[in-house]
Amino acid sequence: MTVTCVRCARSFAPSEVDIVGTGYRCQSCSVAAQLAAAHGVADVGDNLDLATRQSLATRARWQIAGGLLGTAALFAPAVLATLTMGLGGWTAVLALIAFYAMTLTLGQLGDGLDKWRRYGHVPALPTATVRLLRAKSS
Ligand SMILES: [Zn+2]
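For the sequence shown, the working numbering begins at 11 and goes up steadily by one.
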């Protein structure tokens, strides 16, 4: 019995592979994934199927939109109130609360961007593996 690597699609004995979310991954592909992870590229493509990654990317886009909308909705009134009424009394308190809340909405925006980058742009095969297969076949 052999199993197929989810990255390079070659066949291996079950004792020579790692188990990942979408199936089996051979040792050389696992080492490549670990090297990529050390350089900040997560191996989500091996562990999450395309539909899951697409739904996570969609959710991240909504999070980005919410972060942008929330920041804009807080920033405009805070700045307008400060400009029209000056920084005194309740205006200063409300502006401080709005600017504090903006750190949360900006955090949501940044987190959404990070997730969208991670899940939205994962190729089916890593570039290094594709190059290795081309070099061997020609
Ligand atoms: Zn492999």
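Just so it is clear, CB atoms sit at the ideal spot from N, CA and C, and this is done for glycine as well.
Cβ neighbours of Asn-115 in the same chain (closer than 7 Å, five flanking residues each side left out): Within the sequence shown, residue 115 is the residue found at index 105, counting from 1. Asn is not the amino acid found at residue 115; the sequence shown has Thr there. Cβ neighbours of Thr-115 beyond the five flanking positions: Gly-77, Gly-80, Thr-81 and Leu-84.
Ordered list of beta strand (DSSP E) runs contained in the stretch 26-105, each at least 3 residues: 27-30 and 33-36
Per-residue burial, His-49 [other beta carbons within 10 Å of its own, 16 or more giving buried]: As a position in the sequence shown, residue 49 is number 39, starting the count at 1. Exposed.
Coarse secondary structure for Val-140, derived from DSSP in three states: Counting from 1 along the sequence shown, the entry for residue 140 is found at position 130. Bear in mind that a pLDDT of 42 at Val-140, under 50, signals an unreliable position, so the number given afterwards is only what the model happens to contain. Helix.
Same chain, Cβ closer than 7 Å to Met-15, neighbours up to 5 away in sequence not counted: Walking along the sequence shown from the start, residue 15 turns up at place 5. According to the sequence provided, residue 15 is Cys. The question's Met does not apply to it. Taken in chain order, the residues that qualify are Phe-22, Val-27, Tyr-34, Arg-35, Cys-36 and Cys-39.
Thr-12 in three-state terms, based on DSSP: For the purposes of this step, residue 12 is identified with residue 2 of the sequence shown, where counting begins at 1. Of the three classes helix, strand and coil, the one that applies to Thr-12 here is coil, per DSSP.
Beta-carbon spacing of Ala-70, Gly-130 below 8 Å: Mapped onto the sequence shown, residue 70 falls at position 60. Mapped onto the sequence shown, residue 130 falls at position 120. Yes, they are a contact pair.
Gly-31 versus Ala-105 - alpha carbon distance: Stepping through the sequence shown from its first residue, residue 31 is reached at position 21. Stepping through the sequence shown from its first residue, residue 105 is reached at position 95. Going from the Cα of Gly-31 to the Cα of Ala-105 covers about 47 Å.
contact_flag[the stretch 121-128, the stretch 55-70] where n(CB pairs < 8 Å) is 3 or more: yes
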